[in-house]
Each structure stands twice: as structure tokens, then as C-alpha cells.
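For the sequence shown, the positions run 113 to 291 when my numbering is used.
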Amino acid sequence: NQEEIYDEFSLLLGRKAAQQSNMQHGLPVLLHTRTLFMHLHTRTLFMHLHTRTLFMHLHTRTLFMHLHTRTLFMHLHTRTLFMHLHTRTLFMHLHTRTLFMHLHTRTLFMHLHTRTLFMHLHTRTLFMLIHACSLTVVNPSLFMFSQLRSHELLVIVIYCSWLLTSLRHSLAHIFFLVL
């Protein structure tokens with residue numbers, strides 16, 4: 113035991129001191145030596161406790177640094193995740209916009225195709241009317257307005273007036289495009 117070693121060492125020192133001087137001085141030297149070793153032992157004990165506390169502080173600091181680093185990485189990961197989600201949403205918006213543009217372009221071409229189709233039909237009807245009129249000029253007995261019923265005559269008049277209006281609008285569009 114450490115205390116027994118200290119006691120034996122103190123006794124040895126005390127005996128040696130008693131042998132060198134009188135027996136009256138041996139006991140105070142022994143007590144002083146024992147007190148000195150107790151002070152040294154107490155000082156060593158406090159140093160051990162202080163070192164242990166210091167290591168606990170360093171360990172706690174390291175632990176908090178690890179937790180802080182982990183929290184920082186979690187924040188960065190969350191930020192990256194939101195950036196990925198934002199980028200994905202952005203691409204979805206762009207894709208939807210492109211899709212609507214494609215649909216709009218397709219609808220536009222369908223409108224243009226329908227308009228062209230109607231223009232072809234109008235042109236065909238117009239040529240049929242011109243052809244009918246030329247036949248009437250060549251041989252009036254083949255096509256006579258007097259032989260038409262009243263509702264057929266009305267349809268021809270309405271169609272011709274509508275055709276002239278359409279042609280006028282088309283010519284106005286062409287005129288503005290040229291300008």
C-alpha cells in the first residue's frame with residue numbers, strides 16, 4: 113500500500129534524524145517528513161484530478177465539434193436536396209412550357225392547314241362558278257339564272273358576296289404584310 117510505504121519511509125527518515133541528533137528532535141522531524149509526503153501526495157492527487165478534468169473538457173469540446181460538424185453536413189445536405197428539388201421543379205416547368213409550345217405550334221399549324229383547306233375549297237368553288245358563267249356565255253341554254261329556284265339563287269348571291277368579302281380581307285392582309 114502507498115501509505116504504508118510513506119509511513120515506513122517516514123519512520124526510516126525519522127530514525128536516521130534521531131540517530132544524528134537527540135531523541136527529542138526525532139519526533140518533529142518524523143511528523144514534518146510525513147506532512148511533507150502528504151502534501152506531495154495531495155498535490156499529485158490534485159494534478160491527476162486536474163488532468164482528468166482537462167481531458168474531460170477536451171473530450172467534451174471534441175464531441176461538440178463532431179456534433180457541430182454533423183449538423184453542418186446535415187444543413188449542407190438539406191440545402192443540396194432543396195437545390196436538387198428546385199432544379200427538378202425548374203426542369204419540369206421548362207418541360208411543361210416546351211410541351212405547351214409544341215401543342216400551340218401544332219394547333220397553329222392545324223389552323224393554318226384548315227385555313228388553307230378552306231381557301232382551296234373557296235378557290236375550287238370560285239372556279240366552278242367562273243366555269244358555269246363561261247358556259248352560260250358560250251351557250252346560254254345550258255345555264256340560265258331564270259331556271260334556278262329562288263333559294264338556289266339566294267345561296268349563290270350570299271356565297272358570292274361572302275367570297276368577295278373574304279378576298280377583300282385576304283388582300284388587305286397581304287397588303288399589310290407587304291408593307
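Backbone N, C-alpha and C fix where the C-beta goes; we use that ideal spot for every residue, glycine too. Note that the structure is a prediction, hence the values are computed from the model and not measured.
Where Leu211 and Tyr271 are concerned, what is the direct C-alpha to C-alpha distance, given to the nearest angstrom?
If I take the Cα positions, the gap works out to 40 Å.
Note down, in chain order, each residue of its chain lying with its Cβ closer than 6 Å to the Cβ of Arg227, except the 5 sequence neighbours on either side.
Closer than 6 Å at the Cβ level, and outside the excluded window around Arg227, lies no residue.
What does the alpha-carbon distance come out to for the pair Ser282 and Trp274?
Each residue's Cα considered, the two are about 12 Å apart.
If you draw a straight line from the C-alpha of His198 to the C-alpha of Leu175, how long is it?
His198 and Leu175: Cα-Cα distance of roughly 34 Å.
Out of curiosity, what's the CA-to-CA distance linking Leu317 and Met177?
Outside the shown range of the chain (113 to 291) lies residue 317, about which nothing can therefore be said.
His223 and Ser278: beta carbons closer than 8 Å?
Not a contact, by the Cβ cut-off of 8 Å.
By Cβ distance below 7 Å, which residues in the same chain neighbour Leu238 in space, the five residues on each side in sequence not counted?
The answer, listed in chain order, is Leu275.
What's the gap between the Cα of Leu206 and the Cα of Thr190?
One C-alpha to the other measures close to 24 Å.
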